[in-house]
């Protein structure tokens with residue numbers, strides 16, 4: 069079984085590199101797209117009058133040091149007072165502090181990279197006058213990538229730190245990562261839990277701030293592909309489907325919808341082989357005996373063809389797109405990949421406002437999760453695979469990876485009286501399965517037969533020969 073969720077790939081960290089001192093920007097030594105290491109020189113501010121200030125401050129310090137030495141010699145001979153020596157020592161300390169401040173200002177004219185990464189934006193050009201704290205450029209570190217997504221209350225118990233996740237990017241890239249963080253409390257508005265995944269990206273080939281779909285494997289389940297039209301409710305209001313068992317007895321099977329697609333649903337809870345009642349299931353009860361009428365044609369083949377073409381219910385990615393995950397390199401252990409921390413935010417592409425140099429990154433927007441079977445956007449992002457799902461048709465009983473059962477509200481089904489006149493009983497449409505007619509049931513427990521000429525068939529699992537099954 070799988071859990072599917074959508075999210076956003078964020079950079080591991082971003083840094084707006086600011087000028088610590090005001091002045092004229094003398095040089096910008098890098099351009100957008102350049103990869104830099106931490107400590108690399110990126111730009112320089114013109115020192116201007118600071119060099120002359122440095123020489124003047126150094127000369128004053130030298131002069132005060134000489135005066136202090138002479139005064140101490142005189143103090144030893146009794147020609148100078150102790151208070152005079154202390155006063156000169158205080159002046160020398162102030163001069164040294166001023167000298168150090170000027171030296172630091174000169175060092176601040178060299179702007180260095182605080183983190184490794186790629187220059188994503190340049191905000192100032194050579195020759196511009198900058199105020200202290202003005203952002204000059206922005207560095208984005210995409211190694212590793214951080215995936216932020218939100219998991220429902222139902223599924224959060226199956227996602228833990230260290231679990232391997234397969235990530236499909238909107239760019240078409242596919243990679244494996246690990247869960248590095250699971251929120252301890254749900255969002256009070258959405259009741260979803262924030263989860264962070266890190267994906268190795270040493271070469272920085274995969275960009276950040278792109279949509280992704282994440283798949284967590286939590287186990288396997290057996291499922292059958294059926295039409296949602298055959299769903300029924302029992303007397304307790306339980307959702308399920310009805311089949312014809314040995315001796316023509318009607319059986320009710322409680323099912324769970326594991327996935328929903330455009331042309332059908334995947335359900336679990338059915339036996340490996342079953343003759344499902346496709347028409348008239350609302351007019352028979354469990355335990356009643358019916359006669360099966362099968363229509364001519366390839367109902368089984370049609371069901372298998374529909375199952376083969378069924379697409380997984382994700383917003384952007386379909387099942388075959390994840391099949392390449394088997395050939396992917398396993399991510400490093402969580403102790404290595406999850407080491408270190410970074411702010412949970414996504415950098416904008418605009419220049420920071422103001423001159424404070426504060427980080428203007430925007431908080432990551434809430435990204436809703438989508439698990440298999442839930443209703444959602446069925447569109448496909450650019451660059452995504454168009455491959456179809458891999459689950460098999462009804463009656464195959466194959467073990468297939470499926471998403472957890474969604475929380476759904478069973479449909480309200482209006483069941484007409486069992487003694488309804490034949491003219492009011494809905495007949496099957498062309499290509500549908502056979503109607504179920506009560507036979508041998510207690511008085512009032514059966515149903516009127518369908519109109520003459522109606523077809524029949526059970527889409528669940530049919531005997532060899534391709535004939536559809538139904539109950540009559």
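Residue numbers (my numbering): 69 to 540.
No residue lacks a Cβ here, since even glycine has one placed at the ideal position from N, Cα and C.
Given the structure is predicted, the values throughout are model-derived calculations rather than measurements.
- For residue 161, the enclosing alpha helix (DSSP H) covers residues 150–176.
- The beta carbon of residue 111 lies closer than 7 Å to those of 93, 95, 96, 97, 179 and 204 in the same chain, with the five residues before and after it left out.
- Listed in chain order, the beta strand (DSSP E) runs fully inside the segment 98–148 are 109–113, counting runs of at least 3 residues.
- DSSP places residue 94 in the strand class (E or B) of the three-state scheme.
- Nearest neighbour of residue 158 by Cα position, chosen from 146, 168 and 133, turns out to be 133.
- For residue 361, the closest of 290, 345 and 187 by C-alpha to C-alpha distance is 345.
- In the DSSP assignment, residue 247 is bridged to 265.
- Residue range 332–336 is occupied by the beta strand (DSSP E) that includes residue 335.
- For residue 293, the three-state secondary structure derived from DSSP is strand.
- Within a 10 Å sphere around the beta-carbon of residue 145 sit fewer than 16 other beta-carbons, which makes this residue exposed.
- In the DSSP assignment, the residues bridged to residue 197 are 92.
- When 239, 238, 263 and 259 are compared, the shortest CA-CA separation from residue 246 is found for 263.
- Burial state of residue 137 is exposed, judged by a 10 Å Cβ sphere holding fewer than 16 other Cβ atoms.
- Taking each of 356, 278, 348 and 282 in turn and checking the Cα distance to residue 76, the smallest one comes out for 278.
- For residue 349, the number of other beta carbons within 10 angstroms of its own is at least 16, and it is reported as buried.
- For residue 238, there is no enclosing beta strand (DSSP E), as DSSP gives it neither H nor E.
- Excluding sequence positions up to five before and after residue 100, its CB lies within less than 8 Å of the CB of 187, 188, 189 and 190, all in the same chain and listed in chain order.
- If you draw a 10 Å sphere on the C-beta of residue 236, you find 16 or more other C-beta atoms in it, and that means buried.
- CA-to-CA, the gap between residue 302 and residue 347 works out to about 16 Å.
- For the set 166, 400, 119 and 351, the Cα lying nearest the Cα of residue 248 is the one of 400.
- With contact defined as three or more Cβ pairs closer than 8 Å, the segment 268–286 and the segment 313–323 are not in contact.
- Rounded to whole angstroms, the gap between the alpha carbons of residue 290 and residue 328 is 15 Å.
- Collapsing the DSSP output to three states places residue 81 in a strand.
- Take the alpha-carbon of residue 281 and the one of residue 198: they are about 42 Å apart.
- When only Cα atoms are considered, residue 122 and residue 143 end up about 31 Å apart.
- DSSP places residue 255 in the coil class of the three-state scheme, outside both helix and strand.
- Under the three-pair Cβ rule at 8 Å, the segment 206–214 does not count as touching the segment 223–231.
- Residue state for residue 343 is assigned as strand, using DSSP reduced to three classes.
- Annotated as distal: residue 109 and residue 184, with beta-carbon spacing of 9 Å or more.
- In the assembly as shown, residue 149 is an exposed residue. Its beta-carbon has fewer than 16 other beta-carbons within 10 Å.
- Rounded to the nearest angstrom, the Cβ distance from residue 260 to residue 219 is 6 Å, consistent with a contact under 8 Å.
- The beta-bridge partner set that DSSP reports for residue 216 consists of 76 and 264.
- With fewer than 16 other CB atoms across the displayed protein chains lying within 10 angstroms of its CB, residue 392 is exposed.
- Short of 7 Å from the beta carbon of residue 396, and not among the five residues preceding or following it, lie these beta carbons of its own chain, in chain order: 242, 243 and 244.
- An exposed status is given to residue 175, since fewer than 16 other beta-carbon atoms sit within 10 Å of its beta-carbon.
- In this structure, the straight-line span from the alpha carbon of residue 80 to that of residue 214 is close to 6 Å.
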